[in-house]
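Residue numbers 1 to 123, in my numbering, belong to the letters of the sequence shown in order. Structure first, commentary second.
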Amino acid sequence: MTSSNGKYDVELTITLTEAPGAVDYEFVLLGSGGAVSEGSTLPDPRAALAAVEQFGEEIFFPVPRPDRICTQQYGGPQVALVTGRFRGREVSSRFSRTDGCEIARWRTMAALLGGVAGSTGNI
């Protein structure tokens with residue numbers, strides 16, 4: 001299944017802000033058929049696409065879980081906005097590091113958020 005323009009399965013723009021008032025970084029991830037497409041600007045687009053292919057459905061379109069408990073810890077001021085399309089569906093997702101659940105989401109998608117696999121997402 002490809003997005004509405006028929007060219008990409010994954011067409012995402014990531015806007016990363018390291019701290020309030022800091023300069024935003026913008027990255028693009030384009031992919032089709034499980035392969036990174038030309039025009040992707042992330043530091044490690046293959047790792048980012050692998051994370052999106054593996055976890056995108058549950059991260060971008062989560063099923064509400066009212067029984068979920070998140071640790072109250074602060075992981076930093078970073079915020080990332082991910083917009084675009086994933087397998088034909090509109091994506092508009094915000095990532096932060098404001099509690100244990102959000103930190104876990106960030107780590108899962110670190111390569112997509114401008115970092116390399118296993119990093120915090122910091123560039």
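For each residue, glycine too, the CB sits at the ideal point set by N, CA and C.
- The beta carbon of R105 lies closer than 8 Å to those of I59 and F95 in the same chain, with the five residues before and after it left out.
- Here the alpha carbons of P66 and G39 stand approximately 39 Å from one another.
- Along the length of the region 62-119, whole alpha helix (DSSP H) runs at least 4 residues long occupy 100-108, reported in chain order.
- Beta-carbon to beta-carbon, V28 and T41 are separated by about 5 Å, close enough to satisfy the 8 Å threshold.
- Annotated as proximal: R85 and V10, with beta-carbon spacing under 9 Å.
- Taking C-beta separations shorter than 6 Å and ignoring five residues to either side along the sequence, the partners of S93 in its chain run F60 and V82, following chain order.
- A direct Cα-to-Cα measurement between E90 and I69 gives close to 28 Å.
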